[in-house]
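Asker: Got a structure here, written out as structure tokens. Questions coming.
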Amino acid sequence: MANHIRHASLALAAAMLAAPCIAQAQQSRTIDVPAGKKWQHAATGLIVPQALAGMPRTAITDATTGEIDVSVQFGDPQTLHLTLYIFRPAVQAVPMWFDRIETHVLGRDAFGDSVPHGAPIAFAPPHATAAGALRRVYVPGKGPFKATGAALLPLGEWLVALRLSSTQLDPAALDAKLVEAVAGLGWPAPATAAAQAPAAAPIAPCTTALNFSKKAKPKKPDMTMALFGAALASAARNPEVEKAAGPGPSGFCREGAPGKMATAYRALAGGEGYLIALGDAGRTISVYPELKLDGGSPGYAVTLQDLATSYVFPAFDKLPAPDKVVAMLGKTRPISSSARGDKTLTINVR
Numbered sequence: 486m487a488n489h490i491r492h493a494s495l496a497l498a499a500a501m502l503a504a505p506c507i508a509q510a511q512q513s514r515t516i517d518v519p520a521g522k523k524w525q526h527a528a529t530g531l532i533v534p535q536a537l538a539g540m541p542r543t544a545i546t547d548a549t550t551g552e553i554d555v556s557v558q559f560g561d562p563q564t565l566h567l568t569l570y571i572f573r574p575a576v577q578a579v580p581m582w583f584d585r586i587e588t589h590v591l592g593r594d595a596f597g598d599s600v601p602h603g604a605p606i607a608f609a610p611p612h613a614t615a616a617g618a619l620r621r622v623y624v625p626g627k628g629p630f631k632a633t634g635a636a637l638l639p640l641g642e643w644l645v646a647l648r649l650s651s652t653q654l655d656p657a658a659l660d661a662k663l664v665e666a667v668a669g670l671g672w673p674a675p676a677t678a679a680a681q682a683p684a685a686a687p688i689a690p691c692t693t694a695l696n697f698s699k700k701a702k703p704k705k706p707d708m709t710m711a712l713f714g715a716a717l718a719s720a721a722r723n724p725e726v727e728k729a730a731g732p733g734p735s736g737f738c739r740e741g742a743p744g745k746m747a748t749a750y751r752a753l754a755g756g757e758g759y760l761i762a763l764g765d766a767g768r769t770i771s772v773y774p775e776l777k778l779d780g781g782s783p784g785y786a787v788t789l790q791d792l793a794t795s796y797v798f799p800a801f802d803k804l805p806a807p808d809k810v811v812a813m814l815g816k817t818r819p820i821s822s823s824a825r826g827d828k829t830l831t832i833n834v835r
């Protein structure tokens, strides 16, 4: 019941790419695990039990071929239901992705005009001391459910999300059930040298607006644009580079109003670039200044970051508004790409 926006974001990415590798991702595969057996997510070590907070596990699916976007169902969708998500986002930022989850909850037609029950709660994930996770409970405006809630926790470069809805529990009881579900998972002990995720706080609107150019237009792609774009995308997604760079931006602010399918965010550290978060499952479009080469005037590089691959598109000559970027991706094929953690570059420009 909470998968709609995730499926829609996959469809949006597929439309942007018109690429089989993304289109196939919409066909989730079932991970068969006996009902009486626990299941361990290979990349994170997270152990998913046979039941969680009293709700039996009913299904495990993967929207990819390598357990990069896994969903686990618990309970009864008609009464008390929990969905657990394990995914590796393009950008590890709990506040930003929690903002996307909240936008989805508040915009669901099935819930009517939902209202938050209290402020978002920052809390420490298991084995951590910093309050790097967020959760919140909401009261639906219509329908049979009395309360619904969400929690989002970091796990290395991965995110673990829980969505819980009930026709019987009031908001306080549902929050307690959500906490119980988090504690019921088998969380792996962190590596000795692993850095803790930074403390999380809810996203706030940006206090200043970016100066988007109405005249911004895509530049004609060439080999240099394709090569440098793919190389930069590969470096940014290389685990060694990510480790050297530390925990990343100190935080983000929201650029403009939140959108149901996509929202733009800016790093609080400043700069002219921004990210567009697609859906709530980790996919982004980055728009940042190009490298200045040969004394020329740099434009703005555009990269669609799927969970496993970065796709470079033609750069804009001036800073484009987010809707102009999305429109361009919908009718233009990528000029290069690179897989996450792989130094191999694929160039599509001759």
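By our numbering, the letter at position 2 of the sequence shown is numbered 487, and the numbering carries on one by one without gaps.
Just so it is clear, CB atoms sit at the ideal spot from N, CA and C, and this is done for glycine as well.
How long is the line joining the alpha carbons of Q512 and I545, rounded to whole angstroms?
Answerer: Looking at the two C-alpha atoms, the distance is approximately 14 Å.
Asker: Locate the alpha helix (DSSP H) running through L591, then write down its first and last residues.
Answerer: From DSSP, the alpha helix (DSSP H) with L591 extends over 579 to 592.
Asker: Between the region 617 to 631 and the region 585 to 596, can you find at least three pairs of beta-carbon atoms closer than 8 Å?
Answerer: Touching, yes, given that three or more Cβ pairs across the two stretches are closer than 8 Å.
Asker: On the three-state DSSP scale, how would you describe T794?
Answerer: Residue state, collapsed to three classes: strand.
Asker: State the beta-bridge partners of S651 as determined by DSSP.
Answerer: Bridge partners of S651: L565, A632.
Asker: Taking just the CA atoms, how far does P783 sit from V557?
Answerer: So the two alpha carbons sit approximately 45 Å from each other.
Asker: Quick one: what's A541 bridged to in DSSP?
Answerer: Note on identity: in this sequence residue 541 is Pro, with Ala being the wrong assignment. Answer is A536, bridged to P541.
Asker: Helix, strand or coil for V664? Go by DSSP, reduced to three states.
Answerer: In the structure shown, V664 sits in a helix (DSSP, three-state: H, G or I).
Asker: Could you tell me which residues DSSP pairs with H612 in its beta bridges?
Answerer: DSSP lists no partner for H612.
Asker: Going by Cα to Cα distance, which pick from D547, G641, P534 is closest to A674?
Answerer: Per the Cα distances, G641.
Asker: Helix, strand or coil for L804 per DSSP?
Answerer: It is coil, neither helix nor strand.
Asker: Taking DSSP as the reference, what is the three-state secondary structure of A786?
Answerer: Three-state result, A786: strand.
Asker: Drop a sphere of 10 angstroms on the beta-carbon of I553, count the other beta-carbons inside from all chains shown, and report buried for 16 or more, exposed for fewer.
Answerer: I553 should be labelled buried.
Asker: Spatial neighbours of A618 within its chain, please: CB distance less than 6 Å, with the 5 preceding and 5 following residues excluded, ordered by chain position.
Answerer: These residues qualify, in order along the chain: F608, P610, L638.
Asker: Can you tell me whether T769 is helix, strand or coil according to DSSP?
Answerer: Strand at T769.
Asker: Could you tell me the distance, in whole angstroms, from the CA atom of A679 to the CA atom of K705?
Answerer: Taking the straight line from one Cα to the other gives about 43 Å.
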